[in-house]
Each structure stands twice: as structure tokens, then as C-alpha cells.
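For what it's worth, full-length UniProt numbering labels the leading residue of the sequence shown as 1, then goes sequentially.
Here is the structure we will look at, set down as C-alpha cells.
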Amino acid sequence: ADGGFGEAYKLDKRAPLVITCRAETSPPKPGQAAVSLAEASFDWRRPGRNRSISVKESRASIHTECKEGVSCISTLTLRSPINEDVSVYECLVTPVSADGAVMETTVASGAFQSRPIIRMLVNGNDRFDVAVWPTETVNITCQVLGHPLGDIRWSQQFRPSFNHSRNETLLLSQMDYELDRGTVTCESSNDFGANQATMFLRVKSPRAFLPPLLGIGAELVTMLVIIVSYEVITGRKRRQMDEQAAEATDGVQGAADGVNNDQ
């Protein structure tokens, strides 16, 4: 069996990914049984995964065609491709001898190739900006897909000296409003080109909590003024009512005294 690395592929969900594996037999050496591919099995898998790619998967189909038992072509088709599909694939061919014995499996590798495909994540979720308070810590992940995988470089907008080549996770701690508020960029490149993703790090101002507090304070003062005004007005009305009641009582008592004196 043979396989090779194809040309660069531009991912398009409307076009399927197609990779082909070709197997051929050679004349047997003296004393060896002839090999037939008519009954050979063809399996496809991704390196690092134990299970084969199943035709039961809604996006995958495998078509194998053999000629006279000496050559076969197996084609793997992935419909509606996703970023993770741009990778290496293995074709496993297990031939059968003329006397029906299963022979050793041969493996060939092939790959879809592209420039790096990049996603930036915070806590496992795609993010284009993240808000943090000063002194907080944030973990930003730069997920690089495609094949071949490229290196990873980090940079920050207001820190020219911040240029790191490290693993896919960037840990930023003790956020500074003046220096860290801005864009964080993850870049990657390989033989087929370069790509980058940018996230806005929205570090909040240390004074950002003042407007809400001032608003709350203004509301409290307003409520206090309303309560005090209500109490003053209510107290004034209560005193007026008491004074009127007292005057009425005094008038009734004076009239009663005048009647008694006339008698």
C-alpha cells in the first residue's frame, strides 16, 4: 500500500474532503503464497484514535474498488468538513493469501494540509473579549488545528516586549489597567501560511466601581430627603390638627361657663 501527503486544502463546508488509498500486490517470491486483495479489508482511522472511522457516521463514506484482486483503491469522503477534519489519516490494508490465510496489515498515511486554523478560548468557550478586574488571573487558550501544526506565539498590544513562544495556554495574572487593557494576539505559521486570532482583554478601571456607588448614594440621599420631608409635613399637619382641636375644645368650654353664670 502507498500513500502520500496531498496539496494544501482550503476548508469549505460545501465541498467534501476526499482522500484515496491505493494498494497493489507484487508477484510472490519462490516459496511464498500469492497475495489476493479481492478479500482484503480496508480500514481508515485517525492516528491516536483506537477506533476506525465508521461508515455509520453521518458525514463519512468509504468506497473500495478492486481490479482482478491485484490492485484496489479505497476512498474516504467526509461531507460538511469541520476544522478538526484537517489532519492526518491512516489507511490500514489487511490482505488475504490465496489459501485464505489473513496476512500482516500494512499502513499508509495521508493528510489534508492547510495553514493553521486558530480558535481562542477562555474556560473552554470561544471568546472575542473577556472582562477582568485588576489583580485577577485569566487563562487564555489558543487552539491550533490543521496540518502540519505550527508554532504558537503570543503578543500584547501595550506590552511590546511581551512576545512569548510557549504552549497553547497563556496565564496572565495581576492585571494592570494601563498595560494589560487591550488586545492579546495568538499567531501560528507552518509551510502553508500563517494565521492569527485576537481577543480584547477588557481590564476594568480601579475607579469603575465609583459610579455605581455614587448612584446608590444619590438614591439613598433622595430617599432620605423624601422620608424627612414626609415626616416634617405629616408632623406639621398633625400639630395643626391638634391646635384646631384644642381651640374647639376651649370654645365649647367657654360657652358652657357663660351659660352657668347667667343662671
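Just so it is clear, CB atoms sit at the ideal spot from N, CA and C, and this is done for glycine as well.
Predicted model, so just to flag it, every value in this text is computed and none were measured.
Residue interval of the alpha helix (DSSP H) (run including residue i)
i: residue 179; result: 177-180
Run of the beta strand (DSSP E) containing residue i, from where it starts to where it stops
i: residue 95; result: 88-97
i: residue 70; result: First-last for residue 70: undefined, no H or E at that position.
i: residue 39; result: 35-45
i: residue 141; result: 138-145
i: residue 106; result: 106-113
i: residue 117; result: 117-122
i: residue 201; result: 193-203
i: residue 172; result: 169-172
i: residue 271; result: The structure shown has nothing for residue 271, since the chain only spans 1 to 263.
Length of the line joining the Cα atoms of residue i and residue j
i: residue 177; j: residue 229; result: 44 Å
i: residue 25; j: residue 35; result: 7 Å
Proximity of residue i and residue j at Cβ, strictly below 8 Å
i: residue 93; j: residue 105; result: yes
i: residue 53; j: residue 17; result: no
i: residue 120; j: residue 197; result: yes
i: residue 112; j: residue 70; result: no
i: residue 175; j: residue 144; result: no
i: residue 138; j: residue 172; result: yes
i: residue 80; j: residue 192; result: no
Residue i classed as buried or exposed, judged by whether at least 16 other C-beta atoms fall within 10 angstroms
i: residue 232; result: exposed
i: residue 133; result: exposed
i: residue 129; result: exposed
i: residue 224; result: exposed
i: residue 1; result: Unreliable placement is indicated for residue 1, whose pLDDT of 37 sits below 50; no coordinate value is reported for it.
i: residue 147; result: buried
Integer Cβ distance of residue i from residue j, believed to fall under 8 Å
i: residue 141; j: residue 168; result: 6 Å
Near the ligand ZN: residue i beta-carbon under 7 Å from a heavy atom
i: residue 18; result: In the structure on display, the ligand ZN does not appear, and there are no ligands present to speak of.
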